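At position 343 of the sequence shown the residue is numbered 342 (numbering that gives the first Met the number 0), and the sequence of numbers has no breaks.
From the three backbone atoms N, C-alpha and C, an ideal C-beta is built for every residue, glycine too.
A quick note: this is a predicted structure, and the numbers were derived from the prediction, not measured.
Written out below as structure tokens is the structure these notes cover.
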Amino acid sequence: MTTILSKRLGGVKPSPSMAAKQRVDALRAAGRRVIDFTIGEPDFPTPAHIVKAGIDALAAGQTRYTASAGTLPLRQAIAAKLGRENGLAYAPDEIVVGCGAKHIIYDALAATLNEGDEVIVPAPYWVSYPDMVALHGGRPVIVPCGADNGFKLTPAGLESAVTRRTRWLILNSPNNPTGAVYSASELKALSEVLLRHPHVWLLTDEIYEHFVYGQAAHVSPVKLAPELQLRALVVNGLSKAYAMTGWRIGYGAGPLPLIKAITLLLTQSTTCAAGVSQAAAVTALEGPQQCVTDAARLFLARRDSIVEHLNRIPGIRCLPPDGAFYTFPSVAGLIGATTPAGKSLASDADVVMYFLDEAGVAAIDGSSYGMPGHLRMSFATSAEQIEAGCAALAQAVAALRLPVPSLRKENSHA
Ligand code: PMP
Ligand code: GLU
């Protein structure tokens with residue numbers, strides 16, 4: 000029988016982060032205790048004043064369709080936020096609101112890619128970029144960015160990836176999955192390369208901007224190179240900063256023709272983001288920002304705790320991330336180890352399965368993010384879960400026969 004499914008769909012994988020969450024939910028429903036480091040979403044509720052704004056909006060009858068680009072009050076609030084926090088000048092009609100930042104990125108690619116167009120995606124990358132590019136007929140051009148450069152794209156790496164077919168560079172700082180944060184000088188150097196290639200657009204995904212630690216600071220590349228504003232899409236959303244993942248509000252700011260094209264797709268697909276969520280988002284952006292500062296402080300303490308605990312485990316090495324709420328530890332020291340059941344751990348995916356089965360700890364393999372030999376572990380979870388999860392991992396590692404003699408010795412003292 001011929002398939003109903005499109006050829007393009009054949010090349011698309013399920014989002015590994017969503018698949019991992021589903022696996023954890025299924026195991027828990029079956030009665031297993033799982034400590035979950037998979038999904039990247041704050042583990043606390045949306046701040047009460049934002050929830051109240053949503054309830055008030057419903058009670059006031061805001062239960063209808065809105066303009067496809069988003070309500071004017073929300074686009075005004077976003078324009079004000081971009082000016083206040085990022086030093087970027089956008090008019091409300093240069094802003095479009097979607098059902099999450101994911102939706103905006105999806106529609107931006109849908110609106111701009113022709114068959115075979117290339118999109119530069121530095122690896123490690125957020126799992127959805129390459130698949131979204133492929134789904135729209137584009138070709139993701141993956142540029143590996145190793146730990147030696149803090150998992151960041153270099154100007155030389157960018158330069159060598161640009162061809163005549165390049166449409167976009169996708170930059171994500173603070174980064175999911177590594178937590179890398181580009182400094183102003185690093186961004187400036189990358190923007191100089193972009194300025195030499197006027198046909199390449201920049202999609203800058205700044206959804207983790209508020210979660211930066213220590214000396215790291217977030218700055219939008221468009222602020223540093225204002226010439227890029229004519230060919231940049233700034234993507235952001237409320238999911239992470241305001242613990243609003245389920246409300247599904249994200250937005251893009253960019254040149255009018257691109258914003259109009261994305262809006263056109265919204266008129267033919269989702270119509271608009273939920274009106275109640277848009278009303279709550281106005282309050283989130285215009286109300287007190289203490290909730291964001293508090294969340295950042297909480298994540299900093301959790302980051303320090305998880306990095307310290309992971310680095311005590313033989314075979315696991317973890318750089319402290321400068322931002323977001325993910326660690327991306329190397330598990331290269333565990334590959335080649337033998338489990339108590341006699342199985343050899345041949346890859347990071349095997350390590351993930353061993354940790355889930357043996358320790359009841361769920362993480363995601365680095366291969367899914369374009370960088371094998373690592374795990375992604377979200378620390379948007381409680382301090383107790385971090386301690387208990389790392390203790391369980393340490394025990395599971397102690398039960399392994401490790402490949403390298405020095406590690407084996409270390410392990411016997413663990
Ligand atoms: N970009 C990155 C890097 C992310 O990690 C996420 C989280 N899913 C998103 C975009 C999309 O977030 P949302 O759709 O919830 O706004
Ligand atoms: N960004 C989150 C994560 O990486 C949410 C899941 C997703 O949208 O992929 O875990």
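For residue j and residue i, the rounded distance between their alpha carbons
i	j	result
residue 327	residue 70	38 Å
residue 242	residue 19	20 Å
residue 166	residue 320	30 Å
residue 367	residue 387	25 Å
residue 233	residue 94	9 Å
residue 106	residue 236	15 Å
residue 101	residue 213	28 Å
residue 399	residue 346	15 Å
residue 140	residue 170	13 Å
residue 87	residue 220	10 Å
residue 150	residue 342	31 Å
residue 335	residue 118	35 Å
residue 291	residue 313	35 Å
residue 10	residue 186	32 Å
residue 349	residue 145	21 Å
residue 369	residue 1	33 Å
residue 7	residue 245	28 Å
residue 63	residue 275	9 Å
residue 396	residue 363	17 Å
residue 261	residue 125	21 Å
residue 251	residue 258	8 Å
residue 264	residue 330	42 Å
residue 413	residue 309	Legend: pLDDT at residue 413 = 34, less than 50; position of this residue unreliable, value from coordinates given subsequently. In a straight line, the C-alpha of residue 413 is about 12 Å away from that of residue 309.
residue 427	residue 371	This structure does not reach residue 427, given that the chain is present from 0 up to 413, and the question cannot be answered.
residue 56	residue 273	11 Å
residue 430	residue 74	An answer regarding residue 430 cannot be provided, because it is not within the stretch 0 to 413 covered by the chain.
residue 278	residue 76	11 Å
residue 184	residue 401	41 Å
residue 418	residue 317	In this structure the chain extends from 0 to 413, so residue 418 is not present and cannot be described.
residue 161	residue 255	25 Å
residue 410	residue 315	Here residue 410 scores only 44 on pLDDT, less than 50, and its place in the model should not be relied on; the value that follows carries that caveat. About 11 Å.
residue 218	residue 198	23 Å
residue 311	residue 61	52 Å
residue 109	residue 209	28 Å
residue 16	residue 26	16 Å
residue 325	residue 174	9 Å
residue 408	residue 373	For residue 408, the predicted structure reports a pLDDT of 44, less than 50, and the residue's modelled location is therefore unreliable. A value from the coordinates is still provided. Approximately 22 Å, taken between the alpha carbons.
Reference residue i, options the options, closest by Cα
i	options	result
residue 67	270, 202, 288, 0	270
residue 97	247, 178, 164, 85	247
residue 40	402, 376, 396	376
residue 287	6, 46, 200	46
residue 137	147, 148, 329, 168	168
residue 134	381, 374, 14, 354	14
residue 289	24, 26, 48	48
residue 239	205, 65, 54, 227	205
residue 207	332, 59, 179	179
residue 147	123, 164, 129, 160	123
residue 333	322, 354, 324	354
residue 192	173, 226, 217, 177	226
residue 85	222, 104, 382	222
Residues bridged to residue i [DSSP beta-bridge criterion]
i	result
residue 159	BP columns for residue 159 are empty, so no partner.
residue 325	377
residue 171	204
residue 95	251
residue 343	337
residue 143	122
residue 303	Beta-bridge pairing links residue 303 to no other residue.
residue 236	249
residue 165	117
residue 50	The partner list for residue 50 (beta bridge, DSSP) is empty, contrary to what the question assumes.
residue 275	Answer is none; residue 275 lacks a bridge partner.
residue 34	360
residue 231	201
residue 211	322
residue 74	Beta-bridge pairing links residue 74 to no other residue.
residue 311	According to DSSP, residue 311 bridges with nothing at all.
residue 400	337
residue 316	329
residue 27	Answer is none; residue 27 lacks a bridge partner.
residue 138	117
Practice task
For the ligand PMP, list every residue whose C-beta falls under 6 Å from any of its heavy atoms, going in chain order.
Solution key: That query returns the following residues: 39, 99, 100, 101, 125, 171, 175, 204, 206, 236, 238, 244, 249.
Problem - Cβ contact (3+ pairs, closer than 8 Å) linking the segment 25-36 and the segment 352-369 - result: Yes, the segment 25-36 is in contact with the segment 352-369.
Exercise for the section: Spell out a yes or no on whether the segment 292-303 and the segment 136-155 are touching, meaning 3 or more CB-CB pairs, one atom from each, closer than 8 Å. Expected result: With a cut-off of 8 Å, the segment 136-155 and the segment 292-303 do not count as touching, because too few Cβ pairs lie within range.
Exercise for the section: Specify whether the segment 107-122 and the segment 276-286 touch according to this definition: at least 3 beta carbon pairs, one from each stretch, less than 8 Å apart. Expected result: Cβ pair count under 8 Å is below three, so no.
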